[in-house]
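*Asks:*
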Amino acid sequence: MNQLDIVAFAWMTDEEDRARQDRASWWENRRSLLARYVRNLADGIDRTLTVPHRKVLLTNRMDWFGEFADRYLLLEMQPRFKRITNKFIAYDPAYPISERMILTDLDMVFIRNWDELADYDGPLIMNHTGGQRCWFRWSPGGGFIMTNRRTDLFERITRPLYEDAQAVYRRCRCRERYWFARQIGRRRIDYWQQRYPDAIGSFKKDIRRRARRISDFSILWFHGEPRPHNAPEVAHFWEPEPAAGGQDSIQPGG
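The opening residue of the sequence shown carries number 1056 in the numbering used here; numbering runs sequentially from there.
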């Protein structure tokens, strides 16, 4: 079986006054907060996963993340596109990433062992937007996407972005879930919550809205507010030890 690569993105821009809808990332201009997320992601994965893997970080701030070179393969990228659509480049065969890939957001929180999920052997699996409740149909959500055929997705997910980014923005509204639903089809995607019940929970929907216990899940998916650093319920799992380095609002270059 191919090596498992767990891939994340950490990019920042220098503009401090851009409108939110044009920001490249939600941690814009908060350097030490971003570093906490990069560190805690690696810690969480290493604490809860025994399946052999490599962690990969794509960033436009290579100099900022040198301290993590022993934990991540650092790959340089530039946030040329709007918001989450920058992550579509992960399927580009130009990057030295395994065909067997998990693309994770930085704000996933790992609760307990999830080796079973890493053994998924299908073509594509994603979160369901409704968390553990499917409602009327299964619909894709981002956050934690796994494929065993990474570059097979290039033509449908990435190439259109390279050819006409504005058209992609209009069609997907800068959301992974809309783009995958359009380009792949809801029924052609596997869902963690369907295939592995209670493995991945939505913090917003399953924990806060439906009052499920954190211990019910192996991984918690944070999509929208609050983020893990503002959710005291998960502090023990997200950051067991106090973060070093002071305030989380240091400006780039500070």
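For glycine and all other residues, C-beta sits at the position ideal for the given N, C-alpha and C.
Provide the residue span of the beta strand (DSSP E) that contains D1060, from first to last.
*Replies:* Counting along the chain, the beta strand (DSSP E) containing D1060 begins and ends at L1059 to A1065.
*Asks:* Given that a residue counts as buried once 16 or more other Cβ atoms are within 10 Å of its Cβ, and exposed if not, what is T1105?
*Replies:* So T1105 ends up on the exposed side.
*Asks:* Would you kindly work out how many angstroms separate the C-alpha atoms of Q1076 and G1196, rounded to a whole number?
*Replies:* Note that Q1076 scores 44 on pLDDT, short of 50, meaning its location in the model is unreliable; the coordinates nonetheless yield the value given after this. So the two alpha carbons sit approximately 19 Å from each other.
*Asks:* Quick check: R1230 and I1139, are their CB atoms within less than 9 Å of each other?
*Replies:* Closer than 9 Å, so yes.
*Asks:* Whether or not the stretch 1243–1257 and the stretch 1174–1184 are in contact is what I'm after, with contact meaning three or more pairs of Cβ atoms, one per stretch, closer than 8 Å; do they touch?
*Replies:* Yes, the stretch 1174–1184 is in contact with the stretch 1243–1257.
*Asks:* Looking only at its own chain, which residues have a Cβ that is under 8 Å from the Cβ of M1163, when we skip the five neighbours before and after it?
*Replies:* So the qualifying residues of the chain are L1096, G1099, G1198, F1199, I1274, L1275, W1276 and F1277.
*Asks:* Leaving out five residues on either side along the sequence, give the residues of the same chain with a beta carbon under 7 Å from the beta carbon of P1148.
*Replies:* Counting only Cβ-Cβ distances below 7 Å, and skipping sequence neighbours, we find T1206 and F1209.
*Asks:* Quick one, are the C-beta atoms of Y1150 and I1144 less than 9 Å apart?
*Replies:* Yes; because the gap between Cβ atoms is below 9 Å, this pair is in contact.
*Asks:* Specify, as a first and last residue, the run of the beta strand (DSSP E) that N1285 falls within.
*Replies:* Where N1285 is concerned, there is no enclosing beta strand (DSSP E), given that its DSSP letter is neither H nor E.
*Asks:* Is T1159 closer than 9 Å to I1061 when the C-beta atoms are compared?
*Replies:* In contact: I1061 and T1159 (Cβ atoms closer than 9 Å).
*Asks:* Give the straight-line distance between the Cα atoms of L1059 and P1107, rounded to the nearest whole angstrom.
*Replies:* In a straight line, the C-alpha of L1059 is about 7 Å away from that of P1107.
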